[in-house]
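Asks: Numbering of the sequence shown is given in my numbering, commencing with residue 1 and proceeding in unit increments.
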Amino acid sequence: MISRKKKKKFTQNIAPFLVRLLLNVIWRTCNVVKIQGEYNLEPLIKSAHPFIPVYWHQHHVYGAYLMLKLKKRGVNIGFLISPSSDGDMSAKIAQKWGTVAIRGSSTRTGAKALRDLYLAITKDKISPVNTSDGPTGPIHVFKPGAIMLAQLTKSELVPIAYAASRYWQLKSWDKFIIPRPFSKIVISIGEPVRIEKTLSEDELNKTCKLMQSMLLKLEFSARKELDKS
């Protein structure tokens, strides 16, 4: 039986290295044949105002790839990561990338996480990634957290999706997608969405549905483009 000390050492040191190694293999061997809607990011990058990238939890692999491209262009990217020991591995990976690990779970400490994200945007000028159906699902159901954060900070939401020609799909709640090496990739970026300062409960629900529809349409568009290549 593995001791708690050895398990912690694996989580903190070996596992992050292996995950980064796998991602590097995928990113270096796969071919991003097109990034649809990349022009949607240009005004935001030039303005230097933080924004909120949103994508499904299952789209982390190429969501993160795009975030690192944005970081190279001067965008201060952050990831919301659980403050528990389970989040230590993800935090270490984020730090190795030179991005910011914002430690707060959207389930256990939701109010604190929202406060930390608010401060990250308004004080530190960080653009925090939001996996909109995370951290536990249901899959492809857009939750209101990103919309509330956009209201509080006057930041725009930027919907992102991708499709891979060949991939593994995990049996997790999010059906996490891992592109196979040497696959073709299409990334699709939607128009930035500005949220009204005040929304009724009905309007909030409708906005969630709108964002949900946008993400699904972007994925469909990426898949359609991939079929052409």
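For glycine and all other residues, C-beta sits at the position ideal for the given N, C-alpha and C.
1. Ignoring anything shorter than 4 residues, give me the alpha helix (DSSP H) runs that lie fully in the region 152-229, in order along the chain.
2. Am I right that Asn172 and Pro53 are in contact with their C-beta atoms under 8 Å? What's the rounded C-beta distance?
3. In this structure, does DSSP put Ile35 in helix, strand or coil?
4. Whole-angstrom Cβ separation of Ala161 and Ala64, contact assumed at under 8 Å?
5. Buried or exposed for Lys228, going by 16 or more other Cβ atoms inside 10 Å?
6. Please state the DSSP three-state secondary structure of Arg103.
7. Which class does Phe142 belong to by DSSP, given the choice of helix, strand or coil?
8. If we ignore side chains and look at the alpha-carbon of each, how far apart do Lys224 and Ala113 end up?
9. Check whether the Cβ atoms of Ala146 and Asn130 lie closer than 8 Å to each other.
10. Under the three-state reduction of DSSP, which class applies to Thr131: helix, strand or coil?
11. Return the chain-ordered ranges of every beta strand (DSSP E) run that is complete within the region 42-108 and spans a minimum of 3 residues.
12. Which same chain residues end up closer than 6 Å to Ala164 when comparing Cβ atoms and leaving out the 5 residues on each side of it in sequence?
13. Just the C-alpha distance for Asp124 and Asp116, rounded to the nearest angstrom, thanks.
14. Going by other Cβ atoms of all chains shown within 10 Å of its Cβ, with 16 needed for buried, is Val61 buried or exposed?
15. In its own chain, which residues sit with a C-beta less than 6 Å from the C-beta of Cys208, not counting the 5 before and 5 after it?
16. Using DSSP with H/G/I as helix, E/B as strand and the rest coil, what is Asp116?
17. For my contact list, Gly134 and His57 are in at a C-beta cut-off of 8 Å; report their separation, rounded to the angstrom.
18. Is it buried or exposed, Ala94, if we count other Cβ atoms within 10 angstroms and call 16 or more buried?
Replies: Concretely, from the data shown:
1. For the region 152-229, the continuous alpha helix (DSSP H) assignments of 4+ residues that do not extend past its boundaries occur at 201-228, in sequence order.
2. Residue 172 sits at position 172 when you count from the first residue of the sequence shown. Residue 53 sits at position 53 when you count from the first residue of the sequence shown. Checking the sequence, you will find Ser at residue 172 rather than Asn. 22 Å between Cβ atoms; not a contact.
3. Within the sequence shown, numbered from 1, the residue matching residue 35 stands at position 35. Strand.
4. Sequence index remark: in the sequence shown, residue 161 carries index 161 (1-based). Sequence index remark: in the sequence shown, residue 64 carries index 64 (1-based). No, Ala161 and Ala64 are not in contact; Cβ-Cβ is about 14 Å, not under 8 Å.
5. Residue mapping note: residue 228 aligns to position 228 of the sequence shown, counting from 1. Residue burial is scored here from C-beta neighbours: Lys228 has fewer than 16 other C-beta atoms within 10 angstroms and is therefore classed as exposed.
6. What you label residue 103 is simply residue 103 of the sequence shown in a count that begins at 1. In this structure, Arg103 counts as strand in the three-state DSSP scheme.
7. Here residue 142 refers to the residue found at position 142 when the sequence shown is read from its first residue. Looking at Phe142 - three-state DSSP - the assignment turns out to be coil, as it is neither helix nor strand.
8. As a working note, residue 224 is residue 224 in the sequence shown. As a working note, residue 113 is residue 113 in the sequence shown. Each residue's Cα considered, the two are about 36 Å apart.
9. Looking up residue 146 in the sequence shown gives position 146. Looking up residue 130 in the sequence shown gives position 130. Result yes, Cβ atoms of Ala146 and Asn130 sit closer than 8 Å.
10. Counted from its first residue, the sequence shown places residue 131 at position 131. Strand.
11. 52-55, 77-81 and 100-103
12. Indexing the sequence shown from 1 puts residue 164 at position 164. Only Pro179, Ser183 and Ile185 meet the Cβ criterion.
13. The count along the sequence shown starts at 1 and reaches residue 124 at position 124. The count along the sequence shown starts at 1 and reaches residue 116 at position 116. Roughly 11 Å between the two C-alpha positions.
14. Working through the sequence shown from its first residue, we reach residue 61 at position 61. Buried.
15. As a first step, residue 208 must be located in the sequence shown, where it is residue number 208. Only Phe142 and Pro144 meet the Cβ criterion.
16. Locating residue 116 in the sequence shown gives position 116, where the first residue counts as 1. Reduced to three states, the DSSP call for Asp116 is helix.
17. Your numbering for residue 134 matches position 134 in the sequence shown. Your numbering for residue 57 matches position 57 in the sequence shown. Confirmed, Cβ separation roughly 4 Å.
18. The count along the sequence shown starts at 1 and reaches residue 94 at position 94. That one is buried.
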